[in-house]
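Residue numbers (my numbering): 11 to 209. Here a beta-carbon is modelled for each residue, glycine too, at the ideal position from N, C-alpha and C. Since this is a predicted model, take the numbers as computed values, not measurements. In what follows, a structure is listed as structure tokens, so that the remarks can point back to it.
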Ligand SMILES: CC(C)(COP(=O)(O)OP(=O)(O)OC[C@H]1O[C@@H](n2cnc3c(N)ncnc32)[C@H](O)[C@@H]1OP(=O)(O)O)[C@@H](O)C(=O)NCCC(=O)NCCS
């Protein structure tokens with residue numbers, strides 16, 4: 011089994027070296043030079059073998075690498091606007107870890123999916139805010155759903171308050187995912203606020 015996993019790791023390693031066409035920045039999850047017929051079952055297999063982990067300050071580099079590896083479109087969807095690699099590095103290198111938690115789905119240490127949990131910004135409506143992201147090459151195999159479910163379990167274990175996930179109104183992929191997990195939606199300040207009731 012170990013040797014099989016090592017081979018899989020080697021197979022996926024070239025993905026790290028490929029630059030994103032729009033930014034030139036190194037990316038993960040792009041450039042897997044395999045025909046679709048092989049790629050699809052391999053992605054499913056990797057999703058099954060991946061592990062869920064809680065991340066801490068020592069993982070700051072991996073968190074920055076995950077966010078900068080998102081495609082420009084996905085990064086814009088995740089941060090509700092353009093976020094440069096430098097802005098990401100600045101934000102997470104100076105993060106107040108007493109106010110944020112991270113859950114990840116990893117495969118051989120690579121962060122394929124990430125959920126960031128913090129306080130919901132609206133003082134009149136206390137609760138948590140969750141944001142999720144999945145590397146482009148690993149979307150569509152339910153890693154986003156898995157990490158969001160884990161984040162909801164996490165916030166429900168901490169307090170009996172709703173969780174929010176804010177996204178752009180046109181982010182159909184996330185809005186469908188949120189509805190699938192029981193969120194009710196509302197438009198607030200031009201963005202979409204998916205509200206997960208406390209359980
Ligand atoms: C939104 C996102 C997290 C979804 O992750 P994913 O791993 O690709 O999604 P999953 O495979 O877990 O899909 C779960 C559900 O989401 C919905 N969904 C996912 N991709 C979809 C798509 N392309 N079209 C429509 N619905 C979609 C479906 O309801 C799906 O359930 P189903 O397969 O039973 O129909 C991912 O696309 C992403 O990282 N986007 C960029 C960042 C972002 O937008 N974050 C949200 C704001 S914080």
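Near residue i, what residues of its chain come up, given a Cβ to Cβ distance below 7 Å and the 5 sequence neighbours on each side ignored?
i: residue 74; result: 98, 99, 102
i: residue 107; result: 67
i: residue 31; result: Here the model assigns residue 31 a pLDDT of 32, short of 50, so the residue's position is not dependable, and the following value carries that caveat. Contacts found: none.
Tell me, to the nearest whole angstrom, how far the beta carbon of residue i is from that of residue j; I am working on the premise that it is less than 8 Å.
i: residue 139; j: residue 131; result: 7 Å
i: residue 208; j: residue 166; result: 6 Å
i: residue 205; j: residue 174; result: 6 Å
i: residue 142; j: residue 157; result: 6 Å
i: residue 128; j: residue 109; result: 6 Å
i: residue 64; j: residue 113; result: 6 Å
Is it the case that the CB of residue i approaches a heavy atom of ligand 1 more closely than 7 Å?
i: residue 84; result: yes
i: residue 182; result: yes
i: residue 143; result: yes
i: residue 197; result: no
i: residue 61; result: no
i: residue 205; result: no
i: residue 201; result: no
i: residue 152; result: yes
i: residue 135; result: no
i: residue 104; result: no
i: residue 121; result: no
i: residue 149; result: yes
i: residue 187; result: yes
Over the uninterrupted beta strand (DSSP E) stretch that includes residue i, give me the two end residues.
i: residue 266; result: As shown, the chain starts at 11 and ends at 209. That puts residue 266 outside it, with no answer to give.
i: residue 175; result: 173-178
i: residue 115; result: 110-117
i: residue 121; result: 120-129
i: residue 98; result: No beta strand (DSSP E) holds residue 98; the alpha helix (DSSP H) holding it covers 95-103.
i: residue 140; result: 138-144
i: residue 197; result: 194-198
Going along the chain, which residues of its own chain have a beta-carbon closer than 8 Å to the beta-carbon of residue i, five neighbours each way excluded?
i: residue 197; result: 179, 203
i: residue 194; result: 204, 205, 207
i: residue 191; result: 155, 158, 159, 162, 206
Could you spell out where the alpha helix (DSSP H) holding residue i opens and where it closes?
i: residue 185; result: 182-190
i: residue 59; result: 46-59
i: residue 76; result: 70-79
i: residue 157; result: 153-168
i: residue 84; result: 82-89
With a threshold of 8 Å between beta carbons, is residue i in contact with chain B?
i: residue 48; result: The structure shown contains no chain B; it holds only a single protein chain.
Which term fits residue i, buried or exposed, when burial requires 16 or more other beta carbons within 10 angstroms of its beta carbon?
i: residue 137; result: buried
i: residue 189; result: exposed
i: residue 55; result: exposed
i: residue 78; result: buried
i: residue 61; result: exposed
i: residue 199; result: exposed
i: residue 85; result: buried
i: residue 34; result: Interpretation of residue 34 is limited by its pLDDT of 35, a score under 50 that renders its predicted location unreliable; the figure taken from the coordinates is listed afterwards. Classification for residue 34: exposed.
i: residue 182; result: exposed
To which residues of the same chain is residue i closer than 6 Å at the C-beta, ignoring the five residues directly before and after it?
i: residue 59; result: none
i: residue 184; result: 177
i: residue 83; result: none
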